[in-house]
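Using UniProt numbering, the first residue of the sequence shown is number 1, and each one after it goes up by one. Glycine is no exception: its CB is placed at the ideal position from the N, C-alpha and C atoms. Read through the structure below, which is laid out as C-alpha cells, and then see the notes.
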Amino acid sequence: MFKNFFKKEKVKDEDINSQNILIAALLIHAAKIDGNYTNTEKQIIKKTMINLNKTPPARVDDLLMKAEKKEQESNQILEFTKEIKKNPMEFRLNIIEMLWKIVYSDGSSDSYESNLIRRVCGLLYISDKDNGIIKLKVKNLVNKI
C-alpha cells in the first residue's frame with residue numbers, strides 16, 4: 001500500500017511526441033520572428049499545447065524546452081510543417097489561428113510575421129481565403145479586448 005503511495009507517477013513519452021515538438025517550435029518561431037519573444041506569447045504557446053494536443057500541464061515546460069532547441073537548430077519552416085500537413089484540415093486551420101493569435105498578441109502584425117504565416121499556409125495547403133478569414137477573426141478578437 002505505501003509502496004504505491006510514494007511511487008512517482010511516470011508520464012509517458014507519447015505526451016511529448018515529435019509532432020507536438022514541431023508544432024510548438026513553429027509557434028515559437030512565429031513568436032520570435034519580430035525579434036520580441038514576450039511572456040504573453042509564451043503563455044499563448046503553453047495554453048495552445050495544453051488545449052490542442054492534450055499535453056499534460058506538468059509536461060509543457062519540458063515540451064517547450066525541446067521545441068525551443070528545435071527552433072534554434074532549424075533554418076527552415078518546412079521541417080516544422082511536413083508532419084503537421086498530414087493532419088485533417090480542421091487541425092491545420094487551428095494551427096494557423098494559433099499563429100495569428102501569437103502574432104496579434106502585441107496588437108499588430110508586421111511584414112515578417114504576415115509573410116511567415118503566408119508561407120506556412122502554402123506548406124499546409126491552406127487557401128488565402130481561409131487564412132484571411134482566420135486573420136480577421138483573430139484581429140477582431142484582439143481589437144475587442
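A distance below 6 angstroms between beta-carbons, with the five flanking residues on each side excluded, links K46 to the following residues of its chain, in chain order: V60. Taking 8 angstroms as the upper bound for CB-CB distance, V103 and S109 are in contact here, some 5 angstroms apart. Take T38, set aside five residues on each side of it, and the residues of its chain with a beta-carbon closer than 8 angstroms to its own are A31, S105 and D106, in chain order.
Counting the other Cβ atoms within 10 Å of the Cβ of M49 gives 16 or more, which makes it buried. The three-state reading of DSSP puts K85 in coil, since its state is none of H, G, I, E or B.
The C-alpha of K137 is placed about 11 angstroms away from the C-alpha of K144. Distance from the CA atom of L99 to the CA atom of L27, rounded to whole angstroms, is 6 angstroms.
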